[in-house]
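A.B. asks:
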Amino acid sequence: MGQGNVVSWSALMTGYLHIGFSLEVIRLLKDMVLGDAISPNEYVFAIALAFCSDSGRVEEGEQCHCYVLKSGLVFHQYVRNALLHSKFFSFQEVMWIWNLVRGNDIFAYNSVLSGVLENGYLKEGLEVLRRMVSYRFTFAVILNASTGLSAIRYGHLLHACIEKSGFKDYVTVGNALINMYAKGGDIQAATKVFSDMMLRDTITWNAMICGYLHHGLGKEALHVFQEMLAAQEYPNYVTFIGVLSACSHLGLVQEGFYYLNLMKESSIVPGLEHYACIVGLLGKAGRLDDA
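Residue numbers for the sequence shown follow this note's numbering, beginning at 1041 and rising by one.
Here it is as structure tokens:
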């Protein structure tokens, strides 16, 4: 490959990580830091810091930390978030880094939160949450961003903070809680949030229908849809994807066509997703010719 450049070296580091060649990752990083030809950039150190954190290499992680501080790379978003997410920093060190760079994006806040909680600082995690809210980020945004994390791991902490803050009655917050719990595997908690909500919108009903489907509970999903109609809430395009998926899951051919016609009567034009549900439904029923 010749001398290469920083892009090729970072790609090589990533490749070594994927095949488990940890010593080669460290060697490449040292060659870049100590050599004169190629200087590591923020992407290289983001990779290195994540590797050191995940593999428990405290000494190398601290060396990376010192380098990015001296070089000014700490102010780059990728490096900052990697530092904030590191498992070998104490809460005080994490907050020191945070106060130094003080970004205001949701990913940085989530890096702080996950890093703090993974190190067992539950009380401090609540403090981070309070800062997140006061720094203009709503709970709904925080919860939606957290569904990609191990949601239930932090979910009860987030929920407790919401209960104390008085934000629990906001529809957007309730919707985000349902979504987080359902995707995180706790459908009972999602159901309780749904039942406790005084106000609901179409997104609320859709979240509960899709949540039940995510857990293979087609009957419950259809029951929620019937409740939605009884509450005179208008279903939309997404609602009928959930309803027809439930019919397909349960093998309810007649009901599937009934809901497809109901959709058309509601002036909602069926899309590929809806027809895919019908095709799947007919296929399961052995009616391939009709499909």
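We put the CB at the ideal spot given by N, CA and C, even for glycine.
Computed from a prediction, not measured in an experiment: that's the story for all the values here.
Taking just the CA atoms, how far does residue 1265 sit from residue 1272?
C.D. replies: Cα-Cα distance, rounded: 11 Å.
A.B. asks: Pick helix, strand or coil for residue 1249, following the three-state DSSP scheme.
C.D. replies: Three-state DSSP puts residue 1249 in a helix.
A.B. asks: Are there 16 or more other CB atoms within 10 angstroms of the CB of residue 1315, so buried, or fewer, so exposed?
C.D. replies: Counting Cβ neighbours within 10 Å, residue 1315 comes out exposed, since fewer than 16 surround it.
A.B. asks: Check residue 1112 in the structure and name its three-state DSSP category.
C.D. replies: Residue 1112: coil per DSSP, three-state reduction.
A.B. asks: Our contact map puts residue 1234 next to residue 1242 with C-beta atoms below 8 Å; I'd like the distance itself, whole angstroms only.
C.D. replies: That pair is no contact at about 13 Å.
A.B. asks: Kindly provide the ranges of any alpha helix (DSSP H) runs that are 4 or more residues long and lie completely inside the segment 1210-1287, ordered along the chain.
C.D. replies: Listed in chain order, the complete alpha helix (DSSP H) runs (minimum 4 residues) inside the segment 1210-1287 are 1211-1224, 1227-1236, 1242-1254 and 1258-1270.
A.B. asks: Take the Cβ of residue 1298 as the centre, count every other Cβ of all protein chains shown within 10 Å, and call the residue buried at 16 or more, exposed below.
C.D. replies: Counting Cβ neighbours within 10 Å, residue 1298 comes out exposed, since fewer than 16 surround it.
A.B. asks: Assign residue 1089 to one of two classes, buried (16 or more other C-beta atoms within 10 Å of its C-beta) or exposed (fewer than that).
C.D. replies: Per the 10 Å Cβ criterion, buried.
A.B. asks: What are the start and end residues of the alpha helix (DSSP H) that includes residue 1074?
C.D. replies: 1062-1074 is the extent of the alpha helix (DSSP H) around residue 1074.
A.B. asks: I'd like the span of the alpha helix (DSSP H) that includes residue 1296, first residue to last.
C.D. replies: It spans 1293-1305 - the alpha helix (DSSP H) in which residue 1296 sits, taken as one unbroken run.
A.B. asks: Would a C-beta distance cut-off of 8 Å place residue 1222 and residue 1195 closer than the cut-off?
C.D. replies: Contact: no.
A.B. asks: Report all residues from its chain with a CB closer than 6 Å to the CB of residue 1211; omit the five preceding and five following residues, and keep chain order.
C.D. replies: These residues qualify, in order along the chain: 1239 and 1241.
A.B. asks: Buried or exposed for residue 1049, going by 16 or more other Cβ atoms inside 10 Å?
C.D. replies: So residue 1049 ends up on the buried side.
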